[in-house]
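Chemist: Numbering (my numbering), first residue to last: 2 to 279.
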């Protein structure tokens, strides 16, 4: 049997009878020992009330208030003495940036047109594009940024299923500096992930624009004529809009320009959105 307490209500296993005011005045005249009344231990519930737990994974993420206070103090200390890493490719985000959240795709007529053109450029036939446009409105994402941005967990949810991956950033950190090679490239550390099409590929990621834009590359994609997907993730509208710019970098440039699409998601709980999808 599960029992839930309404938010703001106070409840205990045993009731607590508040004394009559005249009884209190009378007992004040008696000795201290004889006037003591013990409140039943279960008469009042004190502490944090957990509203809900959607999954065991979310339950693991819950921390005690003491831990939260400790983390807040450490975060304040870090921000007070925070020194940006050197270079243009960071392993960490800026202190004020956190991509964590639950998001619902923003659907506009312009986005539908852009999405159709994106799929067409990837070589998808009309029947596939038509089906994709029918179900894309159900697209959602859940993101969790960890360890100062060194890890970003992404779970995509749509009518086709669930796609999960964890991107691990490499680059300049507090005690290390990553510099470009002579040709301007960087030697980022790859991790193995599965694409939405279940291809096993190498993924590298880092932060740009002073730690405000998360960049990832999935290399070794065989579909769509072969190439790599570049994704650039960042926040807009005071953190209520999560943007993912997706670009397919073709191996064979003779196949045409690199297809691109800008996805915009609204944070769960945000009440309105003003602006264009472009």
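Glycine included, each C-beta is placed from N, C-alpha and C at the ideal position.
Where does the unbroken beta strand (DSSP E) through residue 187 begin, and where does it stop?
Modeler: No beta strand (DSSP E) contains residue 187, which DSSP labels as neither H nor E.
Chemist: List the endpoints of the continuous alpha helix (DSSP H) containing residue 195.
Modeler: Element bounds for residue 195: not the alpha helix (DSSP H) but the beta strand (DSSP E), 192-195.
Chemist: Sorted by chain position, which residues of the same chain lie with C-beta nearer than 6 Å to residue 138's C-beta, five sequence neighbours on each side aside?
Modeler: 108
Chemist: Any heavy atom of the ligand PLP closer than 7 Å to the Cβ of residue 107?
Modeler: The ligand PLP is not among the ligands present in this structure, which contains no ligands whatsoever.
Chemist: In the structure shown, what three-state DSSP assignment does residue 117 receive?
Modeler: helix
Chemist: Just verifying my parser: in three-state terms, what is the DSSP assignment at residue 5?
Modeler: Coil at residue 5, not helix or strand.
Chemist: Checking 8 Å against the spacing of the C-beta atoms, do residue 153 and residue 215 come in under that value?
Modeler: yes
Chemist: Taking one C-beta from the region 255-275 and one from the region 115-129 each time, how about it: are there three or more such pairs within less than 8 Å?
Modeler: yes
Chemist: So, is residue 237 buried or exposed, given that buried needs 16 or more other C-beta atoms within 10 angstroms?
Modeler: exposed
Chemist: With a CB to CB cut of under 7 Å and the five nearest residues on each side skipped, what residues in its chain are close to residue 267?
Modeler: Here residue 267 has 104, 105, 107, 241, 242 and 274 as same chain residues with Cβ atoms under 7 Å from its own Cβ, once five neighbours each way along the sequence are excluded.
Chemist: Assuming residue 142 and residue 155 are in contact, meaning their beta carbons sit under 8 Å apart, how far apart are those beta carbons, in whole angstroms?
Modeler: 6 Å
Chemist: Hey, could you find the ends of the alpha helix (DSSP H) residue 236 is sitting in?
Modeler: No alpha helix (DSSP H) contains residue 236, which is instead part of the beta strand (DSSP E) from 228-237.
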